[in-house]
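Q: Residue numbers (UniProt numbering): 1 to 881. Positions of the beta carbon are idealized from the N, C-alpha and C atoms, including for glycine. Since this is a predicted model, take the numbers as computed values, not measurements. One structure, pasted below without further comment.
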DNA sequence: ACCGCCGGGTGCC
DNA sequence: ACCGCCGGGTGCC
């Protein structure tokens, strides 16, 4: 019987999997022997649409044994997900289903009786399966372990699937018995409409934010011996990122180290073997930002390199030292025949570092080859980087020949042709690095090219593309497979961890994808990049308070310190968070102008007791009123100026509709601080004073100019003297301050425009248009609230920016500057921060710096969920207690 | 004995 | 695998 089966195998395959070959593979522990165990990203039979995944729902699960454990090195601990991969070319059973662990190591097979039922349905895309191993402790059999196979199918196919499974003699444990399954299916269906497309736009959101907020990008200079062109700032930052990704020894995303063990938090895989760091990633800058030059700069380091730059220094390169070292003879011949002097080579040899392979393989579409050549000629010192064209006509079949070059250029087509050529030198070579240019061409639809590049051997892998996602997030799967980013490089894991949750509108899918891309990819868009912009300078202008202001400020600060110290002493600081914020707010307002803080609010001790305001709604209302005419803010849910303002017990502010909807939909928690929150914790804000601008105007007239206002005025006048046509923007976070500024500036002869959160969208665009209008000449000042100037607003008509008060968050300040310093800006830009001396404002600056540093040194710790914008420690620093 | 039964060899697909 | 299954050895009580 067994003999018969053996002969049924296609003869073309027999040599690959002859019993002897199997025997060798089984009992050889050499890593090389596992090379052909590597899973290609696309099984030949599964190339078509992946859409079925998103419309599927869980029909139920069957229990099946994973068998053959003793023949494979992959281990599992139980309570973890496994990858199920069809193996149609298995000689013993074309229904075979392989079981892989998080590390892509094979654990075993699904027992054949079960595979026989499931495999045909998998192949016809009728079902999708996911495997979970419940627990191995109770059932510690060395030869087989049970596994839950979850079966997903389209709603309309479910009855067929169910009967096929039971006819095959399997027991389907179905949740629809409890009527839960079906209702879930309906929900899933409804959410389908806006599933993938909209999410895709968000995938890279975190990438941007991460880069911006964490300031992770550290510029690096390419070696001058190789690269003769000066890089743009964003290219230097890109280079710094590439270097960082290649050298960093940090754990890949979703891995944690826990008492010497390494845990994959998504699959629950545990092992004491450290997962390899991901040396490489997705370089996804927009087209036209100079990715090619940046990559050439990276390659230049292989030759003249080293980190005499500002790049972070990390662990030594190459964890695969042993493996490659064994092939010493190859390296010797390849490199010593090169006569070019290499300073770095020596150093490396002394340190004992592995330098065996310095060749980078670049794969690109044929049309792009000439671009690489042009860039090489244009930007590199002639004769330094040696390039071999492995494309077209005559190509060497000698690996050693290829090793002589720094760069081997080839095309996807060439590789595809060589797929079946065993002795292809490109396939035999162990590259230092592989760069897939225009990597989106290997997306899932192009199975052959995907397969080929995935099998290439290299310790650093880069996917380079300006359009990482064309047909949906599934495109990214091909890149993961190429990067060998475990476990996502196994389709089954990708599907269950990312694709299915995403398709079902499950937040986990998107957030996982965001985290994933944030750590392994870099994407800057053309719009945000700063190519060829005139320089910008940032200055700080310190303002001395007048004696009168000083006296009031010192008095208030003294009082504030007392109040806060009291709260700290009796441990109720955080319970009185709202009080503290309003105290700090008052102090900050005083630095701008005393009239921001009306006389009745000039004492903290009278109106604010030690008890929290939350127990006194009338005080809360006062706070609301103060906030409302004071700080400019957005509803964090809809990210626009709030309508029908609601303030919560925990002092967060939302639109009425937004927060009510949120509370209804999810748990009764505040979306910002996650404190418990019910409808009774919501307080209405009093209706906004409709003619506030009129009364404010009167106020301004009656009061004299504050020190800061005077300082601003003289700065503006000095700039006007220099160039009467300079347009300026003044940002303040206090709406009232912007109103106060109008009168004195008008009086000094400036044309005033105003942009604030209370304006309609239409009005705002009108103001911005007017400000940018070249016919509006003379000294023009735009008084703007930053939050009102949403993203994408263009204020490049201005060349001076005044930040009238400092923001907590340095990124917000940066955003403000970006409105002016962006593409289209023709003049040099000067930014001036206005800071009151010896005041809380100086400490806000320090806080800014601290936050920046924190982000720099520990960017991997993304902001903790409960971290407030300002914490206890910050309060202590701000109050200089 | 074209059976039953014994006990060794063996073990994924 | 302290199992099941296979197939050879064996054969009254």
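(1) Among 388, 424, 803, 479, which one has its Cα closest to the Cα of residue 397?
(2) What is the rounded straight-line gap between the Cα of residue 737 and the Cα of residue 476?
(3) Closer than 7 Å by C-beta to residue 597: which residues in its own chain qualify, once you throw out the five before and the five after it? Chain order, please.
(4) Looking only at its chain, what residues have a beta carbon closer than 6 Å to the beta carbon of residue 889, apart from the 5 residues adjacent to it on each side?
(5) Per DSSP, which one or two residues make a beta bridge with residue 389?
(6) Count the other CB atoms within 10 Å of the CB of residue 240; is the residue buried (16 or more) or exposed (fewer)?
(7) Can you give, in chain order, each stretch of the alpha helix (DSSP H) that sits fully within the segment 439-501 and has at least 4 residues?
(8) Which of the three DSSP states is assigned to residue 591 in this structure?
(9) Give the DSSP-derived three-state secondary structure of residue 542 in the structure shown.
(10) Please classify residue 358: does DSSP put it in a helix, a strand, or coil?
(11) Please report how far the alpha carbon of residue 797 lies from the alpha carbon of residue 820, in whole angstroms.
(12) Give the straight-line distance between the Cα atoms of residue 872 and residue 847, rounded to the nearest whole angstrom.
(13) Could you tell me the boundaries of the beta strand (DSSP E) in which residue 130 lies?
(14) Rounded to a whole number of angstroms, what is the C-alpha to C-alpha distance between residue 543 and residue 227?
(15) The alpha helix (DSSP H) that contains residue 876, what's its start and end?
(16) Kindly indicate which residue of 772, 557, 713, 735 has the alpha-carbon position closest to the one of residue 750.
(17) Can you list, in chain order, the residues of its chain with a C-beta nearer than 6 Å to that of residue 266? Leave out the 5 residues immediately preceding and following it.
(18) Residue 80 lies in the alpha helix (DSSP H); which residues open and close that run?
(19) Determine the DSSP secondary structure at residue 881, reduced to helix, strand or coil.
(20) Excluding sequence positions up to five away, which residues of its chain have a Cβ less than 7 Å from the Cβ of residue 73?
(21) To the nearest angstrom, how far is it from the Cα of residue 223 to the Cα of residue 62?
(22) For the alpha helix (DSSP H) containing residue 555, name the first residue and the last one.
(23) Taking 8 Å as the cut-off, decide whether the C-beta atoms of residue 302 and residue 432 are in contact.
(24) Going by DSSP, what residue range makes up the beta strand (DSSP E) through residue 99?
(25) In the DSSP output, what is residue 150 paired with across the bridge?
(26) What does the alpha-carbon distance come out to for the pair residue 288 and residue 524?
(27) Given residue 391, which residues of its chain have a CB within under 6 Å of its CB, disregarding the five upstream and five downstream residues?
(28) Quick one: residues in its chain with C-beta nearer than 6 Å to the C-beta of residue 194, no 5 flanking neighbours on either side, listed in chain order?
(29) Pick out whichever of 707, 682, 561, 402 has its Cα sitting closest to the Cα of residue 545.
(30) Would you mind stating whether residue 101 and residue 269 have Cβ atoms separated by less than 8 Å?
(31) Thinking C-beta only, is residue 428 closer than 8 Å to residue 399?
(32) Give the DSSP bridge partners of residue 143, in chain order.
(33) If you follow the beta strand (DSSP E) that residue 776 is in, where does it begin and where does it stop?
(34) If you draw a straight line from the C-alpha of residue 304 to the C-alpha of residue 385, how long is it?
(35) Identify the residues that DSSP records as bridge partners of residue 829: which are they?
(36) Quick check on DSSP: helix, strand or coil for residue 821?
A: Taking the definition as stated:
(1) Nearest Cα to residue 397 within the set 388, 424, 803, 479: 424.
(2) 48 Å
(3) Closer than 7 Å at Cβ, skipping near neighbours: 586, 589, 590.
(4) Limits of the chain in this structure are 1 at one end and 881 at the other, which puts residue 889 out of reach.
(5) The partner list for residue 389 (beta bridge, DSSP) reads 409.
(6) buried
(7) Counting only runs of 4 or more, we get 447-455, 474-483, 491-494.
(8) helix
(9) Correct three-state label for residue 542: strand.
(10) coil
(11) 8 Å
(12) 12 Å
(13) 127-133
(14) 46 Å
(15) 872-878
(16) Here the closest residue by C-alpha is 713.
(17) 254, 497
(18) Counting along the chain, residue 80 falls outside any alpha helix (DSSP H), though it belongs to the beta strand (DSSP E) covering 80-86.
(19) coil
(20) 105
(21) 59 Å
(22) Where residue 555 is concerned, the enclosing alpha helix (DSSP H) stretches over 547-569.
(23) Cβ distance < 8 Å, so residue 302 and residue 432 count as in contact.
(24) 97-100
(25) 61, 130
(26) 11 Å
(27) 410, 411, 414
(28) Because residue 194 sits at a pLDDT of 34, beneath the cut-off of 50, its placement in the model cannot be relied upon, and the point is left open.
(29) 707
(30) yes
(31) yes
(32) Paired residues: none, contrary to the question.
(33) It is not in any beta strand (DSSP E) - residue 776 carries neither H nor E in the DSSP assignment.
(34) 11 Å
(35) 536
(36) coil
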